[in-house]
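Sequence lines, in order, name chains A and B. Its first residue numbered 159, the first sequence is counted upward by one per residue in my numbering. Its first residue numbered 13, the second sequence is counted upward by one per residue in my numbering. To start, the structure itself, in structure tokens.
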Amino acid sequence: MEASDPFESYIRVGLERLGFELDDTDVAVIQATDSIYGQQIDALMQADLAHVAREAAMDLSRPPEPE
Amino acid sequence: MSLLDRPLREQGGAIASGDADAGELLEETLERIESRNPELNAIVEVFPERSREMLDDAPPGPLHGVPVAIKDEWPLPWRAERFGAAEMLGDPPEPGESGPYRALRDAGAVIVGVGNMHELGAGSTGHISVYGPAHNPWDTTRCPGGSSSGPGSAVGARLVGGAVGADGIGSIRYPAAYCGITGLKPTFGRSAMEGHPIPATTTVVSGPLCADAADCRLLGAALFGEDLQAGDAGGLRIGVVRAPVSEDCRPDVLEACQRALEALRAETAGEIVEVAIHGLEHAHVASILVGTTEELDELSPARVASLGDGLSPIARALLKYRFLLSGAALARAHRVRTLMRRSLADVFERVDVVAWPTVPAPAPPLENPTVELPSGPHAADWANSRAGGIVNLTGVPAISMPVGLSSEGLPIGLQLLAAWGRDELLLDAAEALERATGREHVEARPAIAAVAA
Chain A
159 MEASDPFESY
169 IRVGLERLGF
179 ELDDTDVAVI
189 QATDSIYGQQ
199 IDALMQADLA
209 HVAREAAMDL
219 SRPPEPE
Chain B
13 MSLLDRPLRE
23 QGGAIASGDA
33 DAGELLEETL
43 ERIESRNPEL
53 NAIVEVFPER
63 SREMLDDAPP
73 GPLHGVPVAI
83 KDEWPLPWRA
93 ERFGAAEMLG
103 DPPEPGESGP
113 YRALRDAGAV
123 IVGVGNMHEL
133 GAGSTGHISV
143 YGPAHNPWDT
153 TRCPGGSSSG
163 PGSAVGARLV
173 GGAVGADGIG
183 SIRYPAAYCG
193 ITGLKPTFGR
203 SAMEGHPIPA
213 TTTVVSGPLC
223 ADAADCRLLG
233 AALFGEDLQA
243 GDAGGLRIGV
253 VRAPVSEDCR
263 PDVLEACQRA
273 LEALRAETAG
283 EIVEVAIHGL
293 EHAHVASILV
303 GTTEELDELS
313 PARVASLGDG
323 LSPIARALLK
333 YRFLLSGAAL
343 ARAHRVRTLM
353 RRSLADVFER
363 VDVVAWPTVP
373 APAPPLENPT
383 VELPSGPHAA
393 DWANSRAGGI
403 VNLTGVPAIS
413 MPVGLSSEGL
423 PIGLQLLAAW
433 GRDELLLDAA
443 EALERATGRE
453 HVEARPAIAA
463 VAA
């Protein structure tokens, strides 16, 4: 099926390139999910995180080591 | 009142003192599951002979002879987990001695059944499962919460006094809130996890769901393999934030939580302090990105394709969606993880706990799991994970406790977060709130679990 919008094209081309077969349900669920989380992902991509020093050996059972 | 309607600790005490017979309690539990579970679908499998064998072999211990349930997320020696799905993503599971099983066995507990769960643990509602949805005991047309849907519903309906759940992006706390019970998400790494289907997880922990905090302390101690000493929450410094997570909630949820916080402050002679969590606006999506991609390294397109009808259409599509997520976004999510850990460490220098509603609205209908918030209608999964994800992202412990009923008569939950390793303080604070409210909310029961006066 030919995609009717750019994001649908992205879904179809991207996943088919990885070898997935897609049906309309897949596309609809992915579009719905992206409509929920897509803006937050976009904001994350724009966030200035350069000042956040990496945590060298993260231990999730403990607080972070001082920077 | 039946002993089965008493707290776990009283059940254990009565058995230890000889005032109650553990065999009779087990049979009564099995009968109760048989009578109440058809409405709830909370327990998806019982194995009476195995349970009787467990009782026969039960060592002395704090839970000797006490019936409990466990989520369908770990293997038992006689049963492989199904993870709420027709087919597992990884290798086919096999029966075995998981960490939570050993912890329960060594504490003398008797596993009476396996609790339902949201398919693959990938939902906060419990409305999708290979077993069919579990139902909320307060209103069986409503979601019980997920992914520990069965444990939440089973304890809420008092099929058992306690159950072991798992929490990856809030999966103990949401069902606790929806079902009117208490649920503890332990500090990462502190509770038994061996045998989990995602062995390299950095977000999921096992934890207790019980009627109240003292029972969570008892069952949690078994899972932790150590005593969880009761302390004094006196002078509790309670942090609150001005952010959507604590403001974009239904008014009745906000009112109940604010009343509870004031009661907790008064009971502990503490203080309520406004704090800011730097970067909080990115914690939600970062928790989703980190939490939903943990097992991607073990999945291939061919494997997903091979699952076929083994998964629901939604789960199958969501798996494919994960392959579309950008590597840059995931890298940034991990950077946010560090930011949030540092932000919370800073906040916990100034306060002992941080509080906001566990979920922003009570349990939605199973047929339409969306919630109406001041910001508009939202998928319950989105709204719930906004409140719960930061805890798994950072590794800190958190607890959900009941604080009232909504206008529809559905439970409302308040969540407290504490610093790494301060799980005991959360239990202390929850017990202080129970005292402050005369145990009104932890004693409240749905009609299905009503006790004759």
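Glycine included, every Cβ here is placed at the ideal spot set by N, Cα and C.
Option nearest residue i by Cα separation, candidates the options
i	options	result
B/L171	B/V58, B/P377 and B/G180	B/V58
B/L336	A/R170, A/P164 and A/R220	A/R170
B/P423	B/N380, B/P372, B/L323 and B/T406	B/P372
B/A438	B/T406, B/R64 and B/G243	At residue 438 of chain B the sequence reads Leu, which differs from the Ala that was named. Comparing Cα positions, the closest option is B/G243.
B/A391	B/A278, B/T382, B/G201 and B/K83	B/T382
B/G108	B/D321, B/P209, B/L331 and B/K332	B/P209
B/P60	B/N53, B/G35 and B/K83	B/G35
B/V366	B/I123, B/E446, B/L301 and B/L273	B/L273
B/V78	B/D69, B/D84 and B/W86	B/D69
B/L445	B/Q427, B/A212 and B/A26	B/Q427
A/D181	A/Y195, A/S193 and A/E166	A/E166
B/L221	B/V265, B/P458 and B/V454	B/V454
B/D227	B/E22, B/G339, B/I284 and B/G320	B/E22
CB-CB length for residue i against residue j, believed under 8 Å
i	j	result
B/P149	B/A461	6 Å
B/M129	B/G174	No, B/M129 and B/G174 are not in contact; Cβ-Cβ is about 16 Å, not under 8 Å.
B/L235	B/A204	5 Å
B/H294	B/G401	Their Cβ separation, rounded to whole angstroms, is 11 Å, which puts B/H294 and B/G401 out of contact at 8 Å.
B/Y190	B/A442	Incorrect: roughly 17 Å between the Cβ atoms, too far for contact.
B/A115	B/G207	Contact flag wrong, Cβ pair sits at about 11 Å.
B/I55	B/A166	6 Å
Burial state of residue i, where buried means 16 or more other Cβ atoms lie within 10 Å
i	result
B/T137	buried
B/P104	exposed
B/R315	exposed
B/H139	buried
A/A201	exposed
A/Q198	buried
B/V463	exposed
B/M352	buried
B/W368	buried
A/D206	exposed
B/I193	buried
B/P198	buried
B/I45	buried
B/I300	buried
B/I411	buried
B/E93	buried
B/E436	buried
Residue j beta carbon less than 7 Å from that of residue i
i	j	result
B/P112	B/S14	no
B/P386	B/D260	yes
B/V363	B/R185	no
B/G24	B/P71	no
A/V210	B/T350	yes
B/F360	B/A431	yes
B/T280	B/A223	no
B/S355	B/H290	yes
B/A345	B/A298	yes
B/G168	B/A146	no
B/L67	B/V122	yes
B/G303	B/T406	no
B/P313	A/T183	no
B/A275	B/T449	yes
B/V176	B/I82	yes
C-beta neighbour in chain A for residue i, strict 7 Å
i	result
B/G96	no
B/V371	no
B/K332	yes
B/P377	no
B/H147	no
B/H139	no
B/L319	no
B/P313	yes
B/H294	yes
B/F236	no
B/I326	yes
B/T350	yes
B/M401	Here the sequence assigns Gly to residue 401 of chain B, which means Met is not the residue at that position. It does not; no Cβ of chain A falls within 7 Å.
Residue-chain proximity (residue i, chain B), Cβ-Cβ < 7 Å
i	result
A/F178	yes
A/E174	no
A/P182	Here residue 182 of chain A is Asp; the residue named in the question, Pro, does not match the sequence. By this cut-off, A/D182 is not an interface position.
A/Q198	yes
A/S219	yes
A/V171	no
A/E213	yes
A/A208	no
A/P222	yes
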